[in-house]
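Participant: Counting in the working numbering, the sequence shown runs from 47 upward without gaps. Every residue, glycine too, gets a C-beta built ideally from N, C-alpha and C. Fair warning: this is a prediction, and the values are worked out from it, not measured in the lab.
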Amino acid sequence: MRNQYFQLEFRGQIACLHIYPPEDGGQMLSISEVTEYLAAQKLDKYDLRELNTAVINAKEDSVVFVGEWDGIPVREAISVKISLDKMKVTCRFYPPSADGGKVMNAQDIINDLAFRKVRFGLDQDVIADFLANRQYCTDYVMAVGEQPIHGRDARIEYFFNTNKNLQPKRNEDGSVDYKELNTISHIEKGQLLARLHKEDPGKVGRNVFGEEIKPRTVRSEKLEYGNNISINEDRTEIYSDVTGHANFLNGKVFVSDVFKVPADVDNSVGNIEYNGSVEILGNVKTGFSVRATGDIIIGGVVENAFVESGGQIIVKQGIHGMHKGVLKAATNVMAKYIENAKVYAGGFVEAEAILNSDVSATAEVRVHGRKGLINGGTIRAGRSIEAEYAGTEMGTFTTLEVGIDPAKKERYIEISKDVSKRSKDLEDMKVIIDNYAGMLKRGEVLPKDKLLYVQQLALEYKTKKEEIEPLRTEMRTIHLEMMASDRSYIAISRTVYPGVSLSISDLGYNIKEKMNYCRFKKIDGAIGKVPF
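1. Please list the terminal residues of the continuous beta strand (DSSP E) segment that includes Tyr285.
2. Fully enclosed by the segment 285 to 372, which beta strand (DSSP E) runs are 3 residues long or longer?
3. My assumption, with CB atoms under 8 Å, is that Val389 sits in contact with Leu373. Please give the rounded CB distance.
4. Could you tell me whether the segment 251 to 259 touches the segment 300 to 307, where touching means 3 or more Cβ pairs closer than 8 Å?
5. Find out if the Cβ-Cβ distance for the pair Gly333, Ala351 is shorter than 8 Å.
6. Nearest-angstrom Cα distance between Gly364 and Asp199?
7. List the whole-angstrom C-beta distance separating Phe566 from Tyr543, where the pair is believed to meet the contact cut-off of C-beta under 8 Å.
8. Rounded to the nearest angstrom, what separates Ile343 and Arg262 at their Cα positions?
9. Does the segment 232 to 244 come within contact of the segment 277 to 287, defined as at least 3 CB pairs closer than 8 Å?
10. Using the DSSP secondary-structure output, state which residues sit across from Lys127 in a beta bridge.
11. When you compare the segment 71 to 85 with the segment 150 to 158, are there three or more beta-carbon pairs, one atom per stretch, that lie closer than 8 Å?
12. So which of Arg57, Leu177, Arg48 has the shortest CA-CA distance to Pro627?
13. Would you check if the segment 410 to 426 and the segment 436 to 452 touch, i.e. whether three or more CB-CB distances between them fall below 8 Å?
14. Checking 8 Å against the spacing of the C-beta atoms, do Ile359 and Val353 come in under that value?
15. Where does the unbroken beta strand (DSSP E) through Leu553 begin, and where does it stop?
16. For Lys560, which option in Thr541, Leu548, Gly571 has the closest C-alpha, if you only look at C-alpha atoms?
17. Please list, in chain order, all residues of the same chain as Ala61 whose beta carbon is under 7 Å from its beta carbon, the five residues on each side excluded.
18. By the DSSP assignment, the beta strand (DSSP E) with Gly386 in it spans what residues?
19. Can you list, in chain order, the residues of its chain whose CB lies under 8 Å from that of Lys225, leaving out five sequence neighbours each side?
20. Hey, how far is the Cα of Leu84 from the Cα of Gly167?
21. Give me the Cα-Cα distance between Thr519 and Asn321, rounded to the nearest whole angstrom.
22. In the structure shown, what three-state DSSP assignment does Ile77 receive?
23. State the DSSP-derived secondary structure class of Arg14, mapped to helix, strand or coil.
24. By a C-beta neighbour count over all protein chains shown, 10 Å radius and 16 as the cutoff for buried, is Phe161 buried or exposed?
25. Would you kindly report the start and end of the unbroken alpha helix (DSSP H) that includes Asp175?
26. Using 10 angstroms around the beta-carbon of Ser314, count the other beta-carbons present and answer buried if the total reaches 16, otherwise exposed.
27. Since Thr55 sits in a beta bridge, which residues does DSSP pair it with?
28. On the criterion of 16 or more Cβ atoms from any shown chain inside 10 Å, does Met440 qualify as buried, or is it exposed?
29. Counting C-beta neighbours from all protein chains within 10 Å, is the total for Gly392 16 or more, i.e. buried, or is it exposed?
30. Tell me, which residues are paired with Asn421 by DSSP?
31. Could you check whether His366 and Glu396 sit closer than 8 Å to each other, using their CB atoms as the reference points?
32. Short of 8 Å in beta carbon distance, which residues of its chain neighbour Tyr92, apart from the five on each side in sequence? Order them along the chain.
33. I need the DSSP call for Lys88, collapsed to helix, strand or coil.
34. Who does Ile277 pair with in a DSSP beta bridge?
35. Would you say Met188 and Ile202 are within 8 Å of each other, going by their C-beta atoms?
36. Check the C-beta distance from Val448 over to Arg468 and give it rounded, since I have them as a contact under 8 Å.
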């Protein structure tokens, strides 16, 4: 195969361009390539139409007059094109004039490229191939840059569950199996906890000018861990020193021994306070308390007791608080049912039923399963409340509140009361101050003790006024947050009954008739029902 090409021929003082047709499927020339070559040789006396006709004639040789010859043979020529990304150099060669024009050697080609500052990636084999078998008007890739090899960010592979938001397993009948929970990471002494896969910085590349092309910046990591953990020599693997429970918090691995209670927490055990996780195989009886910095797992029932966890609380049976039981968890609370109890969770609350209880969750409250019922009490959640039933035919008063962290809402109520009282005190003080100021303005002379009293009262008024401003600012901030809670919702997948009161941030809505398949959100400044 040979591309169409051309060659200068001189006849006396006349310069002609001999155009050779392509062979065996070779490529045709473009007229622009021909005219650019002639311009470089300062030959411009041709007829463009005649030249174009000769170029597009692919079947036979053509000879076209292109100008006058100055008597100097024309050497073999090279055209160099460098890609925009400076990563590839493509050359095309043009033959010397037919009457003894000089041909290029390897050094000539290298020097020509060096003149264009091409210093890297030169392919000597391609140069040799051209010199051994010259093909004109044909692309030769003479140099190729070296692409950078991008590295890889460091990553940490954990060998225990780090996702504390996993939900309990649901059975086919819709019930929740609290005996099969994957949220507790039991570990054995010597067990591998995490492995650091170090970053790969990659490799610097170079363009055809020899300029460095740096790979993208990679992120490094290091293993963060607490007590009861050992690390290997190259600091890429950590192992547990004890049999216990692994926890992952803010990018750091913690391991604590699990304190196991083989039966009930009662008189035989007493109150428990433990720096780690606690697993109770039986019940927590009335009047006792369990406090742990880690997770608390209870195999039985929590009665009228106090349970506080720095992690999550899991009650595999249920909570029967007898109107006095309290559970507080830094993260999640999961129980089969919650009855007559107070529950506070920094994450979510999950149960099959909640009856006459005060439940607060920073994130969500989810009540699903065989009953899926919320009946009586007050349920608060920062983002959402989901249940199958809310209230009953009997019209039991039930309050469902979403839209802001319950702790913030309590703070808002507390500040509101404080600001109201402080404002009343300031008003009373101002009346007295204004009264005395009026007397002085009228020219009345006050006794020294009265004058001193007014001065002290004015100073106290100024101090109290300054103290109330930060409270008002905090109250406004929380109120704005309540107003912006557009993503919060209450979803009842079966039935909501009269007697249920809904609250989304600062808005309220009372259910006055039985409703099915309801999802409530803030819509245009009011609580509205949207498709489920």
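Facilitator: Looking at the atomic coordinates:
1. To locate residue 285, count along the sequence shown from 1; it is residue 239. Looking at the DSSP string, the run of the beta strand (DSSP E) that includes Tyr285 is 283 to 286.
2. 290 to 295, 298 to 307, 318 to 320, 323 to 326, 335 to 338, 342 to 344, 352 to 355, 359 to 361
3. By 1-based counting over the sequence shown, the position of residue 389 is 343. By 1-based counting over the sequence shown, the position of residue 373 is 327. Val389 to Leu373, Cβ: 5 Å. Contact.
4. no
5. Residue numbering aside, residue 333 sits at position 287 when the sequence shown is read from its first letter. Residue numbering aside, residue 351 sits at position 305 when the sequence shown is read from its first letter. For Gly333 and Ala351, yes; Cβs fall inside 8 Å.
6. The residue you call residue 364 lines up with position 318 of the sequence shown. The residue you call residue 199 lines up with position 153 of the sequence shown. Between Gly364 and Asp199, the C-alpha separation is close to 45 Å.
7. Residue mapping note: residue 566 aligns to position 520 of the sequence shown, counting from 1. Residue mapping note: residue 543 aligns to position 497 of the sequence shown, counting from 1. Actually they are not in contact, since the Cβ atoms of Phe566 and Tyr543 sit about 14 Å apart, beyond 8 Å.
8. Counting from one through the sequence shown, the residue named residue 343 turns up at place 297. Counting from one through the sequence shown, the residue named residue 262 turns up at place 216. One C-alpha to the other measures close to 46 Å.
9. yes
10. As a first step, residue 127 must be located in the sequence shown, where it is residue number 81. In the DSSP output, where bridge partners are listed per residue, Lys127 has Thr136.
11. no
12. There is simply no residue 627 to check, as the chain begins at 47 and stops at 578 in what is shown.
13. yes
14. Taking the first residue of the sequence shown as 1, we reach residue 359 at position 313. Taking the first residue of the sequence shown as 1, we reach residue 353 at position 307. Yes, Cβ-Cβ distance for Ile359 and Val353 is below 8 Å.
15. The residue given as residue 553 occupies position 507 in the sequence shown. Leu553 -> beta strand (DSSP E) spans 553 to 556.
16. Position 514 of the sequence shown, counted from the start, is the residue given in the question as residue 560. Comparing Cα positions, the closest option is Thr541.
17. Counting from one through the sequence shown, the residue named residue 61 turns up at place 15. Result list for Ala61: Leu54, Leu89, Val112, Gly113, Glu114, Trp115, in chain order.
18. Stepping through the sequence shown from its first residue, residue 386 is reached at position 340. The question names Gly, yet the displayed sequence has Asn at residue 386. Here the beta strand (DSSP E) through Asn386 covers 384 to 391.
19. Position 179 of the sequence shown holds residue 225. In this prediction, Lys225 scores a pLDDT of 46, lower than 50, which makes its location untrustworthy; the coordinate-derived value is nonetheless stated afterwards. The residues are Lys362.
20. The residue you call residue 84 lines up with position 38 of the sequence shown. The residue you call residue 167 lines up with position 121 of the sequence shown. About 31 Å.
21. Taking the first residue of the sequence shown as 1, we reach residue 519 at position 473. Taking the first residue of the sequence shown as 1, we reach residue 321 at position 275. Whole-angstrom Cα-Cα distance: 39 Å.
22. Sequence index remark: in the sequence shown, residue 77 carries index 31 (1-based). Helix, per DSSP.
23. Only positions 47 to 578 of the chain appear in this structure, which leaves residue 14 out of reach.
24. Position 115 of the sequence shown, counted from the start, is the residue given in the question as residue 161. Phe161 comes out exposed.
25. Translated into positions along the sequence shown, residue 175 becomes position 129. 170 to 178 is the span of the alpha helix (DSSP H), which, as asked, contains Asp175.
26. Position 268 of the sequence shown holds residue 314. By the 10 Å Cβ count, Ser314 comes out exposed.
27. On the sequence shown, position 9 is the one that residue 55 refers to. Checking the displayed sequence, the identity of residue 55 turns out to be Glu instead of Thr. According to DSSP, which records beta bridges pairwise, Glu55 is partnered with Cys62.
28. By 1-based counting over the sequence shown, the position of residue 440 is 394. Exposed.
29. Walking along the sequence shown from the start, residue 392 turns up at place 346. Buried, since its Cβ has 16 or more Cβ neighbours within 10 Å.
30. In the sequence shown, the residue the question calls residue 421 occupies position 375. DSSP, once it has assigned bridges, lists Leu401 as partnering Asn421.
31. On the sequence shown, residue 396 is found 350 positions in, with the first residue counted as 1. On the sequence shown, residue 366 is found 320 positions in, with the first residue counted as 1. Going by C-beta atoms, Glu396 is not nearer than 8 Å to His366.
32. As a position in the sequence shown, residue 92 is number 46, starting the count at 1. Contacts found: Leu63, Leu84, Val110, Phe111, Val112, Gly113.
33. Taking the first residue of the sequence shown as position 1, residue 88 is located at position 42. Coil at Lys88, not helix or strand.
34. Start at 1 with the first residue of the sequence shown, and residue 277 comes out as number 231. According to DSSP, Ile277 bridges with Ile284.
35. Residue 188 sits at position 142 when you count from the first residue of the sequence shown. Residue 202 sits at position 156 when you count from the first residue of the sequence shown. No, the Cβ-Cβ distance between Met188 and Ile202 is not below 8 Å.
36. The count along the sequence shown starts at 1 and reaches residue 448 at position 402. The count along the sequence shown starts at 1 and reaches residue 468 at position 422. Contact flag wrong, Cβ pair sits at about 30 Å.
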